[in-house]
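Student: Here's a structure for you.
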Amino acid sequence: MKDGMDTDAEGYLTADGRKIGGVLMEMRNITLRFGGVVAIKDISFDIREGEIRAIIGPNGAGKSSMLNVINGFYHPQEGEVWFRGQKRGSVRPYDVARMGIARTFQNIALFKGMSTLDNIMTGRLTMTKTGLLSQALWWGKAEAEETYHREKAEKIIDFLEIQHIRKTPVGRLPYGLQKRVELGRALAAEPKLLLMGVVMDLSDRVVVMDYGRKIGDGTPDEVRANPEVINAYLGVAHD
Amino acid sequence: MPEQVFFALEAAANGLMTGVLYALVALGFVLIFKASGIFNFAQGVFALFAAMTLVGFQNGQIPFAHLINAIFGTSLHHFGWNMPTVLAILCTMAVMVLLAFLVERWVLKHLVNQEPIILFMATIGLAYFLEGFGDVMWGADIKKLDVGLPQGMSSAIDEATYSLFGYGFFIDRLDVVAAVVAAMLVVALMLFSQFTKYGRALRAVADDHQAALSVGISLRFIWVMVWAIAGFVALVAGMMWGTKMGVQFSLSLIALKALPVLMLGGFTSIPGAIVGGLIIGMGEQLFEFSVGPLVGGATQNWFAYMLALVFLVFRPQGLFGEKIIERV
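Chains R and B, in that order, are what the protein sequence lines are.
If you read the first sequence in my numbering, its first letter stands for residue 137, the second for the next number, and so on.
If you read the second sequence in my numbering, its first letter stands for residue 20, the second for the next number, and so on.
Here you go:
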């Protein structure tokens with residue numbers, strides 16, 4: 137199978153003129169199995185700096201599994217994950233978050249009992265430097281650091297226009313607002329790569345999956361014209 | 020006012036003080052249950068072990084002396100010095116942190132994602148192991164714990180109430196100290212969980228494990244931390260109860276009194292543990308005072324459990340616990 141777009145090492149310009157940089161993350165020949173079930177079969181693709189990259193496919197195609205591999209929740213049996221020019225070894229999910237990969241989930245994974253502000257502050261956790269003892273005794277830089285992160289969190293709250301629900305436990309918010317809080321928490325981590333469990337119509341390049349395989353990769357237009365993709369969504373025509 | 024009213028008031032005041040001590044034990048349960056969903060049956064033994072270790076350090080006892088003597092035919096018992104109380108408390112705290120680390124490493128780590136009942140059984144095993152281990156380490160004899168806490172009747176309260184009501188209340192000074200220490204501990208824990216990075220991480224883990232992982236929180240680190248905090252709470256409880264009734268096996272049974280406290284307060288609520296402790300402490304004193312004489316006394320032994328039963332029937336989530344909604 138041929139990849140649709142020619143992308144060189146330096147990157148490329150999008151249709152609306154944004155500059156896309158070099159490779160940020162590269163998945164090489166990823167295969168993931170659960171017992172006898174193959175969830176992902178020998179898939180390779182890359183994600184570049186500044187790029188909006190989509191993974192689409194029918195239900196059960198393996199999109200969420202792929203996100204879980206990137207995220208460190210699942211460990212593929214075969215293949216390599218490269219991030220920022222380095223091969224990623226065996227990692228746990230919290231290591232991945234600390235590398236600068238944030239995520240929002242298809243069915244929202246917020247801390248429901250905590251307020252909007254607290255939820256967004258958890259996004260700053262990986263960036264807090266002071267140790268346990270200093271934090272426990274509120275000693276040394278602990279207070280200054282808390283203030284700094286608080287300001288950052290407030291900026292995100294302003295940006296997402298959710299000031300009015302700052303102190304509300306997120307479990308009480310409607311779905312749309314919860315989605316925004318979850319995005320806020322992901323943004324608070326200042327991630328290099330943001331994984332979102334929702335469909336967006338803004339993508340620069342699209343990977344199409346079906347039954348764990350990659351069946352297309354390219355710009356939205358190229359993907360739309362790809363007969364295999366059409367078959368996957370609409371079924372194969374018999375005549 | 021009739022004398023009976025003063026008796027009742029005095030009983031209530033004493034009950035509140037005992038209730039604080041119940042709350043202290045219940046607090047240890049709530050912390051671990053919130054963070055990891057584990058009901059730690061060993062919490063009472065933690066308090067006993069902490070108190071034994073504290074006495075051992077204070078008196079300069081040689082750990083495992085009996086074992087060493089039995090194997091090598093020596094007769095070692097003491098290092099020959101006494102450790103200052105503050106230093107002994109710090110050393111005991113270090114032991115409790117180490118214990119938390121080892122529990123995570125040797126027990127919990129291997130049982131991740133198991134059924135709650137399996138984890139519960141593991142903590143029962145841990146309780147019996149630690150009880151025996153404590154005996155081997157420090158000896159099974161009843162020990163006297165003295166960390167310089169005041170004991171005996173508070174003459175200040177006695178005089179103050181006497182000049183006010185013409186009837187002096189008998190309140191143990193140790194109970195007053197325990198109440199103050201417990202209150203401070205609770206405030207400190209609240210501040211820690213509300214306003215620090217690790218407190219926030221702790222609440223995040225208590226709320227949703229998957230989401231916590233995705234923002235970069237290490238569950239294992241938080242578990243070690245919360246078991247260490249529970250160890251610290253156990254140390255404080257062990258110090259208070261140990262001073263009150265000596266360091267001995269029955270100290271670990273105070274955990275059983277924490278159960279009805281939790282039923283009342285809810286397993287996931289820190290304020291609930293406090294209020295539950297106070298209600299049980301005061302309730303059992305007043306019940307003994309009012310109903311006790313009619314049924315032959317000793318109602319303290321069962322009042323708390325009866326109250327817990329009533330709560331289980333009418334409000335299973337407790338006063339402050341999260342409402343249990345099962346989706347079908």
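A virtual CB, placed ideally from N, CA and C, is assigned to each residue, including glycine.
In angstroms, rounded to a whole number, what distance separates the CA positions of residue 370 of chain R and residue 202 of chain R?
Tutor: The alpha-carbon atoms of residue 370 of chain R and residue 202 of chain R are separated by roughly 23 Å.
Student: By the 10 Å Cβ neighbour count, where 16 or more other Cβ atoms means buried, how is residue 346 of chain B classified, buried or exposed?
Tutor: Residue confidence for residue 346 of chain B is low, a pLDDT of 47 falling below 50, so the modelled location carries little weight; the figure read from the coordinates is stated next. By the 10 Å Cβ count, residue 346 of chain B comes out exposed.
Student: How would you label residue 236 of chain B, buried or exposed, when you count the other beta carbons within 10 angstroms and need 16 or more for buried?
Tutor: Burial call: buried.
Student: Measure the Cβ-Cβ separation of residue 200 of chain B and residue 71 of chain B and say whether it is below 7 Å.
Tutor: Contact flag unset, no.
Student: Going by DSSP, name the residue or residues bridged to residue 214 of chain R.
Tutor: DSSP, once it has assigned bridges, lists R:167 as partnering residue 214 of chain R.
Student: Inspect the beta-carbon positions of residue 238 of chain R and residue 330 of chain R and report whether they are closer than 7 Å.
Tutor: Yes; because the gap between Cβ atoms is below 7 Å, this pair is in contact.
Student: Just the C-alpha distance for residue 25 of chain B and residue 330 of chain B, rounded to the nearest angstrom, thanks.
Tutor: Distance between the alpha carbons of residue 25 of chain B and residue 330 of chain B: 29 Å.
Student: Decide if residue 142 of chain R is buried, meaning its Cβ has at least 16 other Cβ atoms within 10 Å, or exposed.
Tutor: Bear in mind that a pLDDT of 47 at residue 142 of chain R, under 50, signals an unreliable position, so the model cannot answer this.
Student: As a quick exercise: from R:368, R:244, R:366, pick the residue whose alpha carbon is nearest that of residue 307 of chain R.
Tutor: It is R:244.
Student: Determine whether the Cβ of residue 280 of chain R lies closer than 7 Å to any Cβ atom of chain B.
Tutor: Taking Cβ atoms only, chain B never reaches closer than 7 Å to residue 280 of chain R, which makes this a no.
Student: Taking 7 Å as the cut-off, decide whether the C-beta atoms of residue 151 of chain R and residue 339 of chain R are in contact.
Tutor: Contact: no.
Student: Quick one: is residue 272 of chain B buried, meaning 16 or more other Cβ sit within 10 Å of its Cβ, or exposed?
Tutor: It is exposed - the Cβ of residue 272 of chain B has fewer than 16 other Cβ atoms within 10 Å.
Student: At 3 residues or longer, and completely inside the stretch 219-279 of chain R: list those beta strand (DSSP E) runs for me, N to C.
Tutor: Counting only runs of 3 or more, we get 237-240.
Student: Taking the alpha-carbon positions, what's the residue 354 of chain R to residue 361 of chain R distance?
Tutor: So the alpha carbons of these two residues sit roughly 10 Å apart.
Student: May I have the straight-line CA-CA distance separating residue 188 of chain R from residue 162 of chain R, to the nearest angstrom?
Tutor: Using only the alpha carbons, I get a separation of about 14 Å.
Student: Tell me the rounded alpha-carbon separation between residue 186 of chain R and residue 211 of chain R.
Tutor: Taking the straight line from one Cα to the other gives about 26 Å.
Student: In whole angstroms, what is the alpha-carbon distance linking residue 347 of chain R and residue 59 of chain B?
Tutor: Spanning the two alpha carbons is a distance of roughly 44 Å.
Student: Name, in chain order, the residues that DSSP records as bridge partners for residue 205 of chain R.
Tutor: According to DSSP, which records beta bridges pairwise, residue 205 of chain R is partnered with nothing at all.
Student: Just curious, the beta strand (DSSP E) that residue 201 of chain B is in, first and last residue?
Tutor: Run containing residue 201 of chain B: none in the beta strand (DSSP E); it sits in the alpha helix (DSSP H), 192-214.
Student: Within 7 Å (strictly less), CB to CB, does residue 235 of chain B reach chain R?
Tutor: Yes, because at least one Cβ of chain R sits closer than 7 Å to the Cβ of residue 235 of chain B.
Student: I want to see whether chain A comes within less than 7 Å of residue 111 of chain B, judged by CB atoms only; does it?
Tutor: Although the question refers to chain A, the structure presented lacks it and instead comprises the protein chains R and B.
Student: Listing by chain order, which chain B residues have their CB less than 7 Å from the CB of residue 230 of chain R?
Tutor: Neighbours of residue 230 of chain R on chain B, chain order: 232, 235, 236, 237.
Student: From this set, R:273, R:366, R:165, R:281, which residue's C-alpha is nearest residue 264 of chain R's C-alpha?
Tutor: With distances taken between Cα atoms, residue 264 of chain R lies closest to R:281.
Student: Is there a C-beta anywhere in chain R that falls below 7 Å from the one on residue 336 of chain B?
Tutor: Chain R, which has no Cβ nearer than 7 Å to the Cβ of residue 336 of chain B, makes this no.
Student: Need the endpoints of the alpha helix (DSSP H) that residue 331 of chain R sits in, please.
Tutor: Per DSSP, residue 331 of chain R belongs to no alpha helix (DSSP H); it is in the beta strand (DSSP E), 329-332.
Student: Run through DSSP, which three-state label would residue 346 of chain B get?
Tutor: Low confidence applies here, because residue 346 of chain B scores a pLDDT of 47, under 50, leaving its location unreliable and the question unanswered by this model.
Student: In the structure shown, what three-state DSSP assignment does residue 131 of chain B receive?
Tutor: Coil.
Student: Is residue 355 of chain R near the ligand NAD, going by C-beta to nearest heavy atom under 6 Å?
Tutor: What this structure holds is no ligand at all, so the ligand NAD is not there to describe.
Student: Among B:259, B:152, B:38, B:232, which residue has its Cα nearest to the Cα of residue 61 of chain B?
Tutor: Taking only the C-alpha atoms, the option nearest residue 61 of chain B is B:152.
Student: In this structure, how does DSSP classify residue 263 of chain B when only helix, strand and coil are distinguished?
Tutor: Correct three-state label for residue 263 of chain B: helix.
Student: Measure from the C-beta of residue 216 of chain B to each C-beta in chain R and report whether the shortest distance is under 7 Å.
Tutor: At least one chain R Cβ lies under 7 Å of residue 216 of chain B.
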